[in-house]
Structure formats: C-alpha cells, structure tokens
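S.K.:
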Amino acid sequence: MSSCTDRNGDEWEIYSTASGWRWRRTATNGRVVGASTQAYSNRSDCVANAQRNGMTCTPV
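Everything in the sequence shown is counted per numbering that gives the first Met the number 0, starting at 0 for the first residue and increasing by one.
Right, here's the structure in full:
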C-alpha cells in the first residue's frame with residue numbers, strides 16, 4: 000500500500016486487493032469520503048483514476 004496527504008489534509012491510499020488495485024480517500028476526521036468503484040489491473044490506471052477524482056499528491 001502507498002499513501003500521500005494532499006494540501007487540505009485528506010489522505011489518499013493506493014492498495015492492492017485480490018481483484019486488483021484500488022484507491023480510497025480519508026478526510027481529516029477519519030471518515031472515508033471517496034473510493035474507487037472498481038478494481039484496476041494496473042497500478043498506474045488506479046492512480047490516474049484517483050487523480051481524476053481529485054488526488055493532487057503523489058503516493059509513495
């Protein structure tokens with residue numbers, strides 16, 4: 000799993016599951032406020048989808 004924190008403090012996580020790569024966005028209050036609706040076979044496709052959904056940081 001890799002993660003990063005954007006300018007407003009939200010944490011973005013890129014992680015692998017049995018079905019593929021997924022992302023999730025967690026607000027500063029600890030609530031999940033966004034997540035991928037599908038699994039991606041390539042990590043780069045997952046990161047690109049997270050960026051289209053507002054991720055401005057780079058997961059490490």
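Cβ coordinates follow ideal geometry from the N, Cα and C atoms, glycine included.
For ASP5, tell me which candidate among SER15, ARG30 and THR25 has the shortest Cα-Cα distance.
M.R.: When only C-alpha atoms are compared, the closest one is THR25.
S.K.: Applying the criterion that 16 or more other CB atoms from any shown protein chain within 10 Å of the CB defines a buried residue, is ALA17 buried or exposed?
M.R.: It is exposed - the Cβ of ALA17 has fewer than 16 other Cβ atoms within 10 Å.
S.K.: Nearest to GLU10 by alpha carbon, out of ARG30, THR36 and GLN37?
M.R.: Comparing Cα-Cα distances from GLU10 to each of ARG30, THR36 and GLN37, the minimum goes to ARG30.
S.K.: Would you say ASN28 faces chain D, with C-beta separation under 7 Å as the test?
M.R.: In the displayed structure, chain D is absent; only one protein chain is listed.
S.K.: Near CYS56, which residues of its chain fall below 7 Å by C-beta distance, leaving aside the five closest residues on each side in sequence?
M.R.: Once the five neighbours on either side are set aside, the close Cβ partners of CYS56 are CYS3, THR4, ASP5 and TRP11.
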